[in-house]
Structure formats: C-alpha cells, structure tokens
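Please read the structure below before turning to the comments.
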Amino acid sequence: METLQTITLAGNRFVVIPEAEYRRLTGKKRGPMLPLADDEGYYPAVETMRAMLARKIIHRRRAIGLSQVELAQRAGIRPETLNRLEQGKHSPSVATVDKLDRALCKAESKRG
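The opening residue of the sequence shown carries number 54 in this note's numbering; numbering runs sequentially from there.
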C-alpha cells in the first residue's frame, strides 16, 4: 500500500504528488492537440479547424464557469454533441456553432 505525503497550510491539508503526475492530470484541459504538418509543411485543414474550435469553446466555457451539460442546455444541443466537439471529433454545422456562440456570449454578458 502506497503512503501519501501530505502538508498542511493554513489549516488545509494537501496531498503532495510528483510534478510529472500533476502535469499529466492537468494537461488535457487545453483541448485536442493540433495536428502536425505534412512533409510539405501543410496542416490538414479540417482537423486543424476542429482542434482550434474545440480549444476556443473549452476556453470560453471554462472562463465562464459552465459545465458541458450547462452549456449544451443553454445552446439547445445535446451534451454528447458538445463533448464530441470539445474532443475535436466532430465537424459542427454552422447552426450549431451559432447556437454555441450565442449561448456563450449571453453567459459572458451576464457574468460581467
């Protein structure tokens, strides 16, 4: 059985983990990786745009403090659809992008 290292700061107890493990646990927050360029230096357009859109949605949603389910409900789309978009596995319709943008803009304006 592995023992945990802990520290207490200002009355709060924290578990100490190796930096590599911390980076592994927190590294997925940015969204899907951007694809690599081909031998001629070109990037695959569809995959690149999917990843860029996913990162933008994730960044805006998290800045507002919404979960995927909350944003999907506000946008009128299925949570599974938003999840696939944020993983860069789905090419959304223009209507879906518009719904998400409107929901995010509305939430951002209420926030501040």
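We put the CB at the ideal spot given by N, CA and C, even for glycine.
If I'm right that residue i touches residue j with Cβ under 8 Å, what's the distance once you round it to whole angstroms?
| i | j | result |
| --- | --- | --- |
| A156 | R115 | Not quite, the Cβ-Cβ distance comes to about 14 Å (not below 8 Å), so this is no contact. |
| L106 | L138 | 7 Å |
| G129 | I111 | Their Cβ separation, rounded to whole angstroms, is 19 Å, which puts G129 and I111 out of contact at 8 Å. |
| R108 | S144 | Wrong, their Cβ atoms sit about 15 Å apart, outside the cutoff. |
| E161 | I117 | 6 Å |
Opposite residue i in the DSSP bridges: which residues?
| i | result |
| --- | --- |
| I70 | Answer is none; I70 lacks a bridge partner. |
| N65 | L62 |
Going along the chain, which residues of its own chain have a beta-carbon closer than 6 Å to the beta-carbon of residue i, five neighbours each way excluded?
| i | result |
| --- | --- |
| Q58 | V69 |
| P132 | Q121, V122, A125 |
For residue i, which three-state DSSP category applies?
| i | result |
| --- | --- |
| H112 | helix |
| R127 | helix |
Going along the chain, which residues of its own chain have a beta-carbon closer than 7 Å to the beta-carbon of residue i, five neighbours each way excluded?
| i | result |
| --- | --- |
| E100 | P88 |
Here's the rule: buried if 16 or more other CB atoms are within 10 angstroms of the residue's CB, otherwise exposed. What is residue i?
| i | result |
| --- | --- |
| L78 | exposed |
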